[in-house]
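First up is the structure itself, then whatever we jot down about it.
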Amino acid sequence: MTTEAQKGASSEDVTQVSVNMVIRQDPFNITLDASALLAVSVLLVIGMHFVDRVVLEFMIVFVPVMLLIHNDYLNFLKLGPGGTPPTFTGYARLTWYRLFTLRDPFSPPPRDPAALPSAGILSQRPLPYRPGPRPSVAGLAPQRQLNQPGSQQAYNQLRSSIESLSARLPQKFVTATSCLEKHGFALFSRHPLNVCGNGEVCHIHTSDRSMHMNLHPDDIKEVLEKGWGQRHPMAWKGWVRAPVPTTFTMIYAPRDESDLRIVRKIIEAAIWYTTAEQVDIQIGSES
1 MTTEAQKGAS
11 SEDVTQVSVN
21 MVIRQDPFNI
31 TLDASALLAV
41 SVLLVIGMHF
51 VDRVVLEFMI
61 VFVPVMLLIH
71 NDYLNFLKLG
81 PGGTPPTFTG
91 YARLTWYRLF
101 TLRDPFSPPP
111 RDPAALPSAG
121 ILSQRPLPYR
131 PGPRPSVAGL
141 APQRQLNQPG
151 SQQAYNQLRS
161 SIESLSARLP
171 QKFVTATSCL
181 EKHGFALFSR
191 HPLNVCGNGE
201 VCHIHTSDRS
211 MHMNLHPDDI
221 KEVLEKGWGQ
231 RHPMAWKGWV
241 RAPVPTTFTM
251 IYAPRDESDL
261 RIVRKIIEAA
271 IWYTTAEQVD
281 IQIGSES
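Position one of the sequence shown corresponds to residue 1 (full-length UniProt numbering), numbered consecutively onward.
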């Protein structure tokens, strides 16, 4: 690697680390000191005597609601760039989708007997349980991990391995920017059986290094039970059309090489679901 390339890589690492530091969700709270409490009390007493009752009641409810919305909007922006524009219009659209989000992201979707491939592949060699508690996750689009971010080394290895796969099988795969996330590195199938986002197999979020991908319901069940991910909150099936398929799943960021090898198997399962073809992804020394 040249000196300029090394500087660019170092610069990118610093940027990604700084992004990790701001992925947070602040709780809504209002703090009133003695002066503020006295002012509010005086205004309420004056309002009861000089303001119409309906108007006063409206204001008492309206102000906290506006503060709550403002806090929620700021939390949306703190999740960083994603598939939804970071505007109030984008936030309002997501607020509508919240009415239909999955109530239990840890239950797999039902199988479709007529769909292909007919079964998943992770049961051939079941996954181990993920060590430690699940990370905290927030957001719809974007959906992000709030803690336990993946390591830079694991991210670099995973990206390099996916690029190597694409170079090894250019007639089947290509890498590009995610068309679902609109940010981040993604793997695409040139001839998908199950089409999602122009054949997108998976994409990696550069901020927290978690991933989204489509998996067979059998494999989603294995991932959920072993603690490696959770379903996307908008992967519902109902009278309102969901923006993503019911098989859309978040996979937590690999923290080390051990996690990375499991995530590799899960991406291979995503390739299987997208193409109905088993392909090996080689990591590090396996290449």
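From the three backbone atoms N, C-alpha and C, an ideal C-beta is built for every residue, glycine too.
Residue nearest to VAL263 in terms of C-alpha spacing, selected from GLY238, TRP236 and ILE220: ILE220
Anticipated Cβ contact below 8 Å, SER189 with THR275, distance rounded: 5 Å
Express the C-alpha separation of SER164 and GLN278 in angstroms, rounding to a whole number. 16 Å
In chain order, what residues of the same chain have a beta carbon less than 7 Å from the beta carbon of ASN75, not counting five sequence neighbours either side? GLN25 and ASP26
Give the secondary structure of VAL137 by DSSP, where H, G and I count as helix, E and B as strand, and everything else as coil. strand
Please work out which residues of its chain come closer than 8 Å, Cβ to Cβ, to TRP228, disregarding the five sequence neighbours upstream and downstream, and give them in chain order. LEU127, ARG130, ILE251, TYR252, ILE262, VAL263 and ILE266
From which residue to which residue does the alpha helix (DSSP H) around ASN184 run? This sequence places Gly at residue 184; Asn is not what is there. Where GLY184 is concerned, there is no enclosing alpha helix (DSSP H), given that its DSSP letter is neither H nor E.
State the DSSP-derived secondary structure class of PHE248, mapped to helix, strand or coil. strand
If you compare alpha carbons, which of ALA235, ARG98, TYR97 and TRP272 is closest to HIS191? TRP272
Please classify GLY98: does DSSP put it in a helix, a strand, or coil? Looking at the sequence provided, one finds Arg at residue 98 rather than Gly. Reduced to three states, the DSSP call for ARG98 is helix.
Report the residue ranges of all beta strand (DSSP E) runs contained in full by the stretch 138-174; include only those spanning at least 3 residues, in chain order. none
When the Cα atoms are used, what is the spatial distance from MET213 to MET66? 36 Å
Grab the span of the beta strand (DSSP E) containing MET213 for me, first residue to last. 211-214
Is the beta carbon of GLY197 less than 9 Å from the beta carbon of LEU169? no
Do you know whose CA, among SER107, CYS202 and PRO133, lies nearest ARG255's CA? PRO133
Ignore the nearest five residues each way along the sequence and tell me which others in VAL240's own chain have a CB closer than 7 Å to its CB. PHE100
For HIS232, three-class secondary structure by DSSP: coil
Measure the alpha-carbon distance for GLU225 versus PHE106 and round it to whole angstroms. 8 Å
Taking Cβ positions, are MET234 and ALA141 nearer each other than 9 Å? yes
If we count the other Cβ atoms within 10 Å of its Cβ and call it buried at 16 or more, is PRO108 buried or exposed? buried
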